[in-house]
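Peer 1: Below is one structure. I have some questions about it.
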Amino acid sequence: MTKIHYFFDPMCGWCYGASSLVNILSEQQDIEVLYHPGGMLPKQAIDPSFQQHILRADQHIAELTHVTFSDDYVKRIASNEDVILDSFVTTQAFYAGKQLGVEGATMLAAIQSAHYVDALPTYKPEVLAHIGATLGLEASAWQTAFAEAEALTHESIQATQQLMPSMQVRGYPTFIMETEKGLYRLPHTDYYGRPDAWKAYLATLM
Numbered sequence: 001m002t003k004i005h006y007f008f009d010p011m012c013g014w015c016y017g018a019s020s021l022v023n024i025l026s027e028q029q030d031i032e033v034l035y036h037p038g039g040m041l042p043k044q045a046i047d048p049s050f051q052q053h054i055l056r057a058d059q060h061i062a063e064l065t066h067v068t069f070s071d072d073y074v075k076r077i078a079s080n081e082d083v084i085l086d087s088f089v090t091t092q093a094f095y096a097g098k099q100l101g102v103e104g105a106t107m108l109a110a111i112q113s114a115h116y117v118d119a120l121p122t123y124k125p126e127v128l129a130h131i132g133a134t135l136g137l138e139a140s141a142w143q144t145a146f147a148e149a150e151a152l153t154h155e156s157i158q159a160t161q162q163l164m165p166s167m168q169v170r171g172y173p174t175f176i177m178e179t180e181k182g183l184y185r186l187p188h189t190d191y192y193g194r195p196d197a198w199k200a201y202l203a204t205l206m
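Now the structure itself:
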């Protein structure tokens, strides 16, 4: 089984752009994806200059990767109202879903779609519970798993931040494959918007 380490953040636009690549990775029977969440954004309202940075970056991401940023999402980010982003609680939801049997790529994609397409305030636990419900997860089971995932989220983010320097990871998304000869960084940016080519590339690594 080939191990590929995926360094990511649910609130990272470029990670959203790489979502089709992550989905293909997760479908490969000979590949185990190890998820490393980075805790990029603490829960807070973003300032207007960062709002503009996000909008410019999103346009570039859409052009390269062909993911959709909905009009409602763009309006939300561009609005004069507070836009609150939270990497921690969305990562907590990611682990809650995994604990309840949802594949990691599927859970991450649902959170990303809620944010970038449905323009939902994913910093709110009730919104994350709704995402779980759309995946068929029972409400009480979700609440239990979500609460239990809090400690794991703290541990995982701390472990990721400690691991990144040793693997020379400086940002998200990053894919690192373990080989007998050491670690190999996958050139995922070469395959943005080209999922079939990415799948063919992965086949050459097996």
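In terms of full-length UniProt numbering, the sequence shown has 43 at position 43, counting the first letter as 1, and numbering is strictly consecutive.
Ideal placement from N, C-alpha and C gives every residue a C-beta, glycine not left out.
Values in this document were obtained by computation on a predicted structure and should not be read as measured data.
Is the separation between the beta-carbon of Leu-100 and that of Val-74 shorter than 8 Å?
Peer 2: No.
Peer 1: What does DSSP give as the partner residues of Ala-45 in its beta bridges?
Peer 2: Answer is Ile-84, bridged to Ala-45.
Peer 1: How would you write the range of the alpha helix (DSSP H) that Phe-146 sits in, first residue to last?
Peer 2: Note, Phe-146: alpha helix (DSSP H), 139-166.
Peer 1: For Arg-76, report the span of its alpha helix (DSSP H) as first-last.
Peer 2: Unbroken alpha helix (DSSP H) run through Arg-76: 71-78.
Peer 1: Looking at Val-22: is its Cβ nearer than 8 Å to the Cβ of Ala-110?
Peer 2: Not closer than 8 Å, so no.
Peer 1: Per DSSP, what kind of secondary structure is Met-206 in: helix, strand or coil?
Peer 2: Coil.
Peer 1: Inspect the beta-carbon positions of Ser-87 and Leu-41 and report whether they are closer than 8 Å.
Peer 2: Contact: yes.
Peer 1: Whole angstroms is fine: what's the gap from Ser-26's alpha carbon to Ser-19's?
Peer 2: Taking the straight line joining both Cα atoms gives about 11 Å.
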